[in-house]
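Read through the structure below, which is laid out as structure tokens, and then see the notes.
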Ligand code: SF4
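In structure tokens, the structure reads:
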């Protein structure tokens, strides 16, 4: 018998359908954690359909995390009503892991609060849930009906994925970031290279990346279609998680003879900064081909790149300078913890003195419904993960995706700018 | 999610016949269910897919079928995407490939989704398609061309027949 991948091992340890399965089989598996944000509203409505009402019970409230990150603070009466509905439900069901509007984006808050640990099987009501793969957890996004099912039963069906491996080697050049690597992968292999599949990122480049930078890769992997996206299962992960929780856990590693459907190799030593051009994430160009494109807005934030190191590199580039007069720069730290750290270290001051505005933690402008929208003729350089038509406002506007360093350099110059010169 | 459907999920049928709308590759859920209107069902119904096919929201009829390229339903996990298509009357989506959450949510909502290679080359908007769901067979009734796609896994086919995950669960809870 051949060895197993990380995905196969995690599914096997949670399977309710035996362990004799192969890729493409469908199994039922028990869940360690369910994360849901605004979609909890639909779960509540579904719960109310359960008759008799005495059966309206969650399988295990301690395995549920509910948080508000998209529409915070509530921008309209309707969203306020959804929040209200969910808050009442959370109380009634005894869900203690509830993070109200102040904490930040789900994909940052879940690991920060120690909810994502190696070896866990997690579903989330948000597409970028594979982010926790950086912590060696098998985690993927689902829709609201699947969430509801999970809430009631504590299990769900899974299609056993094939695994692809990206072996990434070489030292990243100055002011390049893991975002450049993952955008390059999107460009070279398309946005569906990993559809239904699990990814394992390996190689010395990955090993040298910080946990925050690995989270960027696992997060953006969703844009490649990935179901799970595992970073390197090493001591860095163990140390990070141990700092956040006293719950026990064990790293899950793939066997040396595990079977991969594809193995891709990549050397990043000479990588150029990469940009996803409108309107798909895999419409990728090296920065030399798009430098000079005028921008009206620069967005630094999101679950892809709203972490402390992202704000830090932007501050390094913008310190003592003033951003271009025609640019609005919006900075949205991914969590309260990051917000406070940036405030204490002086990074917030540097960014604000340069002309940026800093919002409350959360999704912010990322999804085009909470301020920071674009008018029809406008262009935005963004550190987020999506540039679909109309994602940040007008369907005629354009969103370019790049690293936080590229966002900062571009804000300074008023046009897409190579950060290597700063 | 603030908007939810007003429509009952349709009875499952092995064979469907309907008018085709051809969609391109990489149709994302923001196009199907725009982020700006997530709190407004009427606006979503009015704008669904209009950045891709302007006439779609105004002209789509009950029982129509979407034929698309690769990676249909990519992007946000919002289940309002398959929901709004059902609300508009779409009876099935046939595509070269689907993004996984869209696929899951469609099955959960009992919207038939079938993967067929080279599907978009064989259809034009306005053609009539016949689909045999268990056999994953699609026929263009204008050209007579028949293609065979990937069969839906028996467990998932069963879910479709039971009217989706929610209906199945509610029935199961009642039996207890
Ligand atoms: S930051 Fe953007 S991509 Fe991330 S969860 Fe929020 S809306 Fe989604």
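Residue numbers (this note's numbering), protein chains in the order written: chain A, 96 to 517; chain B, 2 to 177.
We put the CB at the ideal spot given by N, CA and C, even for glycine.
Only a predicted model underlies this, so the values are computations on that prediction, with no experimental measurement involved.
For residue j and residue i, the rounded distance between their alpha carbons
| i | j | result |
| --- | --- | --- |
| residue 478/A | residue 402/A | 11 angstroms |
| residue 386/A | residue 244/A | 48 angstroms |
| residue 24/B | residue 436/A | 46 angstroms |
| residue 2/B | residue 134/A | At residue 2/B, the pLDDT of 45 sits below 50, so the modelled position is not reliable; the number obtained from the coordinates is stated separately. Each residue's alpha carbon lies about 5 angstroms from the other. |
| residue 129/B | residue 140/B | 8 angstroms |
| residue 166/B | residue 119/B | 30 angstroms |
| residue 211/A | residue 334/A | 13 angstroms |
| residue 157/B | residue 500/A | 45 angstroms |
| residue 407/A | residue 265/A | 23 angstroms |
| residue 6/B | residue 45/B | 11 angstroms |
| residue 446/A | residue 496/A | 20 angstroms |
| residue 164/B | residue 170/B | 10 angstroms |
| residue 110/B | residue 64/B | 16 angstroms |
| residue 316/A | residue 164/A | 21 angstroms |
| residue 274/A | residue 50/B | 30 angstroms |
| residue 262/A | residue 361/A | 6 angstroms |
| residue 413/A | residue 382/A | 19 angstroms |
| residue 226/A | residue 90/B | 35 angstroms |
| residue 155/B | residue 122/A | 12 angstroms |
| residue 221/A | residue 102/B | 9 angstroms |
| residue 143/B | residue 172/B | 41 angstroms |
| residue 94/B | residue 68/B | 6 angstroms |
| residue 419/A | residue 322/A | 40 angstroms |
| residue 20/B | residue 209/A | 51 angstroms |
| residue 229/A | residue 294/A | 11 angstroms |
| residue 310/A | residue 12/B | 43 angstroms |
| residue 145/A | residue 247/A | 10 angstroms |
| residue 151/B | residue 137/B | 6 angstroms |
| residue 304/A | residue 127/B | 52 angstroms |
| residue 218/A | residue 252/A | 11 angstroms |
| residue 170/A | residue 176/A | 11 angstroms |
| residue 350/A | residue 328/A | 12 angstroms |
| residue 153/A | residue 188/A | 7 angstroms |
| residue 1/B | residue 400/A | There is no way to answer for residue 1/B, as the model of chain B reaches only from 2 to 177. |
| residue 441/A | residue 112/A | 53 angstroms |
| residue 138/A | residue 190/A | 14 angstroms |
| residue 358/A | residue 415/A | 45 angstroms |
| residue 332/A | residue 106/B | 32 angstroms |
| residue 453/A | residue 104/B | 37 angstroms |
| residue 422/A | residue 270/A | 22 angstroms |
| residue 374/A | residue 133/B | 35 angstroms |
| residue 260/A | residue 324/A | 10 angstroms |
| residue 282/A | residue 480/A | 13 angstroms |
| residue 223/A | residue 135/B | 32 angstroms |
8 angstroms contact criterion, which residue i and residue j should meet: CB distance rounded
| i | j | result |
| --- | --- | --- |
| residue 298/A | residue 102/A | Contact doesn't hold; Cβ gap of about 19 angstroms is too wide. |
| residue 469/A | residue 392/A | 6 angstroms |
| residue 471/A | residue 429/A | Going by Cβ atoms, the distance from residue 471/A to residue 429/A rounds to 29 angstroms, so no, they are not a contact pair. |
| residue 389/A | residue 485/A | Contact flag wrong, Cβ pair sits at about 20 angstroms. |
| residue 395/A | residue 502/A | 5 angstroms |
| residue 98/B | residue 71/B | 5 angstroms |
| residue 353/A | residue 114/A | In fact, because the Cβ distance is near 15 angstroms, the residues do not count as touching under 8 angstroms. |
| residue 398/A | residue 200/A | 5 angstroms |
Closer than 7 angstroms to chain C by CB, residue i
| i | result |
| --- | --- |
| residue 166/B | Of the protein chains in the structure, A and B, none is chain C. |
Inset, instruction - Would you check if the segment 194 to 205 of chain A and the segment 484 to 493 of chain A touch, i.e. whether three or more CB-CB distances between them fall below 8 angstroms? - result: no
Inset, instruction - Count the CB pairs spanning the segment 166 to 180 of chain A and the segment 145 to 153 of chain A that are closer than 8 angstroms, and state whether there are at least three. - result: no
Legend entry - Residues of the segment 235 to 255 of chain A with Cβ closer than 8 angstroms to any Cβ of chain B, in chain order: 235, 236, 237, 238, 239, 240, 241, 243, 244, 247, 248, 252, 254
Inset, instruction - Determine, using beta-carbon pairs with one atom in the segment 30 to 38 of chain B and one in the segment 459 to 469 of chain A, whether at least three such pairs fall under 8 angstroms. - result: yes
Inset, instruction - Examine the Cβ distances between the segment 152 to 159 of chain A and the segment 127 to 143 of chain A and report whether three or more of them are shorter than 8 angstroms. - result: yes
Inset, instruction - For the segment 67 to 82 of chain B and the segment 280 to 291 of chain A, state whether three or more C-beta atom pairs, one from each stretch, are separated by less than 8 angstroms. - result: They touch, by the three-pair rule.
Legend entry - Three CB pairs or more closer than 8 angstroms across the segment 262 to 278 of chain A and the segment 237 to 253 of chain A: no
Legend entry - Where the segment 444 to 463 of chain A meets chain B: residues whose CB sits under 7 angstroms from a CB there: Against chain B - using a Cβ distance shorter than 7 angstroms - the residues of the segment 444 to 463 of chain A are 462, 463.
Inset, instruction - Quick one: which residues of the segment 58 to 72 of chain B get their C-beta closer than 9 angstroms to a C-beta of chain A? List them in chain order. - result: 71, 72
Inset, instruction - Can you give me, in chain order, the residues of the segment 276 to 291 of chain A that have a beta carbon less than 8 angstroms from any beta carbon in chain B? - result: 286, 287, 290, 291
Inset, instruction - Quick one: which residues of the segment 72 to 86 of chain B get their C-beta closer than 7 angstroms to a C-beta of chain A? List them in chain order. - result: 72, 75, 76, 77, 78, 80
Legend entry - Under 7 angstroms (Cβ pairs) to chain A, residues found in the segment 86 to 107 of chain B: 98, 100, 101, 102, 105, 106
Inset, instruction - Can you give me, in chain order, the residues of the segment 469 to 493 of chain A that have a beta carbon less than 7 angstroms from any beta carbon in chain B? - result: 481, 483, 484, 485, 486, 490
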